[in-house]
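One structure is given here, and the rest of the page talks about it.
2 protein chains.
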Amino acid sequence: MPLGRRSPMAKTRVVVADRNVITRVGIRSILERNSGVAVVAEATSYDAVIDAVDEHGPDVLIIDLDLGDDTTAGLKLCEIITERFPDTKILVLAQTLSEMIVVEALRRGVTGYLCKDDVKADELGKGVRAVQDGDTVLGRGVGSLVARGLGSTRGQTEHLTDRELEVIKAAAKGMSNKQIAHEIFISESTVKFHLQNASKKLNAHRRAEIVHRATAAGLL
Amino acid sequence: MPLGRRSPMAKTRVVVADRNVITRVGIRSILERNSGVAVVAEATSYDAVIDAVDEHGPDVLIIDLDLGDDTTAGLKLCEIITERFPDTKILVLAQTLSEMIVVEALRRGVTGYLCKDDVKADELGKGVRAVQDGDTVLGRGVGSLVARGLGSTRGQTEHLTDRELEVIKAAAKGMSNKQIAHEIFISESTVKFHLQNASKKLNAHRRAEIVHRATAAGLL
DNA sequence: TGACCACCTATCCAAAAGGCTAGGTAGTTA
DNA sequence: TAACTACCTAGCCTTTTGGATAGGTGGTCA
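In the order they appear, the protein sequences are chains A and B.
If you're matching positions, the first sequence starts at 3 in my numbering and goes up one per residue.
If you're matching positions, the second sequence starts at 3 in my numbering and goes up one per residue.
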């Protein structure tokens, strides 16, 4: 189906992935009103996205990375898609902006990143066509975020290990190091160790800031 | 075609308030497909909601309380609507669930509370008709949240004062009490005082938990 | 006027957290 | 094999907290 650039006849074929019905219907309505685009499938889970892309071979995948409990799974998904289906461009349509997520997504081959709350109706169609043409589309505010993100971490956004996340989550619940140590069967020293590593990665210096940043980054 | 106390002819007239185009279009599509409902106006700001309700006198207002930077403004809006336009029922369609917001909304006359991510396409129409009929509609998870909310605070959700919020925000940035004191020109003791009061109100015992709860409640 | 509120301050002490250095294991990869 | 990673532990000392108690002001409202 996909041929060269785009024949003036062929509609842009899109798969929409979002856990939220309202959003899916909204995207479909907006795009189909604008008759250069056809939504060929919808998906609500990470697995369903792969199946849908595999089955329909769309030109563009519009996706909210936050399809499950684990946002990092969304990033992994992007990696899989770009690798296995290089002809399908990815346009992320995020609920919230997080520096870390944006940077990680772009690193995994995502070529468009818009924020739901900022996007205007006509921008959605434009964005789809632009990413289909191989352009990179970054919504309002996303661009500067990327610049900061890449600058501050010198091209290497460090990610938290499982243990670190586990400790941070416990800290967010107000537990002391001693309590956390007890909870997950490690020593208090280790808890402090994980928190210190996490604080370096998140560039935070107090546990309150650690949990705040982790929350803002959508990691909790 | 439902016919309770409503005439079988008359469509339910709805105003949709959400800052997000995609959501507005989605809600409109879903509801109008289901031909008992007509969306008569859309609004994207708190002021516009009042104007729209005043002008169209809808049966139901579907609203995402989070129309601006300040969620509490959304709560104030509910109060105004129920007072000035008692014939317009309010159905909140929230992005995220927060115990405090749900409880406060219900206390201000909201009769429906659904969560965007949980709602199924047919539930939206059902919800609208139910609140129009004067029923209270609480989405999955919302009910239990209310029970906990009302139980834990004995019917009185305490709210944070301006100063308390200010201190919490600073704490979230990783500042120590001393730094915060310096920043807002009060003594370190006062900072501790505010944090202690806040921790009682939020039922948290550590500053990490305070900022986490405040964040989760959409207060930051 | 008294009650109440948001706000401000102080002192005391024990507990917790922060920052450091200096080790260890198991598993993976170049 | 060496290098790297995630993970785990220890001790030391300082700073920051949490929690309690006990005062104060100015404003609002019945």
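Virtual Cβ for every residue (Gly too), placed ideally from N, Cα, C.
- In this structure the region 164 to 174 of chain A lies against the region 210 to 222 of chain A, because at least three pairs of beta carbons, one per stretch, are closer than 8 Å.
- Not a single CB atom of chain A sits nearer than 8 Å to the CB of Lys13(B).
- Judged by pairs of C-beta atoms under 8 Å, the region 184 to 192 of chain A does not touch the region 27 to 36 of chain A, as fewer than three such pairs exist.
- Contact of Arg21(A) with chain B by beta-carbon distance below 8 Å involves Asp119.
- Shown here, Ala43(A) sits in a strand according to DSSP, grouped into three states.
- Taking a contact to require three or more Cβ pairs closer than 8 Å, the region 70 to 84 of chain B and the region 108 to 123 of chain B qualify as touching.
- In this structure, the straight-line span from the alpha carbon of Gly145(B) to that of Thr138(A) is close to 43 Å.
- Contact annotation for Val213(A) against chain B: Ala174, Ala210, Glu211, Val213, His214 and Thr217 [CB-CB distance below 9 Å, chain order].
- Secondary structure at Gly176(B): coil, using DSSP grouped into helix, strand and coil.
- Between the beta-carbon of Gln181(B) and that of Asp61(B) there is about 52 Å, and that puts the pair past the 8 Å contact cut.
- In the DSSP assignment, Leu93(B) is bridged to Ile64(B) and Gly114(B).
- Taking 8 Å as the upper bound on Cβ-Cβ separation, chain A lies near no residue of the region 41 to 75 of chain B.
- The DSSP-derived three-state label of Val121(A) is coil.
- Those residues of the region 26 to 38 of chain A placed with their C-beta closer than 9 Å to a C-beta in chain B are Arg26, Val27, Gly28, Ile29, Arg30, Ser31, Ile32 and Arg35, ordered along the chain.
- Within the same chain, Gly38, Val39 and Ala40 come within 7 Å of Lys13(A) by CB-CB distance, once the 5 residues on both sides are set aside.
- Within chain B, Gly176 have C-beta atoms less than 7 Å from the C-beta of Ala206(A), given in sequence order.
- Rounded to whole angstroms, Leu167(A) and Ser201(A) show a C-alpha spacing of 11 Å.
- Of all residues in the region 93 to 107 of chain A, only Leu95 and Gln97 come within less than 9 Å of chain B when Cβ atoms are compared, listed by chain position.
- Excluding its 5 nearest sequence neighbours in each direction, Leu221(B) has C-beta neighbours in its own chain below 7 Å: Leu162 and Leu167, listed in chain order.
- A residue is called buried once 16 or more other Cβ atoms fall within 10 Å of its Cβ, and Gly136(B), having fewer, is exposed.
- Per DSSP, Ala219(B) is not a residue of any beta strand (DSSP E), being assigned neither H nor E.
- Neighbours of Lys122(B) in chain A, taken as residues at a C-beta separation under 7 Å, are given in chain order as Val23.
- Going by DSSP, Arg15(B) is part of the beta strand (DSSP E) stretching over Thr14 to Ala19.
- Residues of the same chain with a CB within less than 6 Å of the CB of Glu44(A), apart from the 5 flanking positions on each side, are Val18 and Arg26 in chain order.
- Residue pairing by DSSP places Leu140(A) opposite Tyr115(A) in a beta bridge.
- It is roughly 27 Å from the alpha-carbon of Glu57(A) to the alpha-carbon of Lys118(A).
- Here the alpha carbon of Glu190(B) sits roughly 19 Å from the alpha carbon of His207(A).
- Taking all protein chains in view, the Cβ of Asn205(A) is surrounded by fewer than 16 other Cβ atoms within 10 Å, so the residue is classified as exposed.
- DSSP places Asp135(B) outside both helix and strand once states are collapsed to three, so it counts as coil.
- A straight line joining the alpha-carbon of Asp124(A) with that of Gly143(A) spans about 18 Å.
- Residue state for Arg208(A) is assigned as coil, using DSSP reduced to three classes.
- One alpha carbon belongs to Asn179(A), the other to Lys194(A), and they sit about 7 Å apart.
- The beta carbon of Arg15(B) sits closer than 7 Å to those of Ala40, Val42, His58, Pro60 and Asp61, all from its chain and outside the five residues before and after it, given in chain order.
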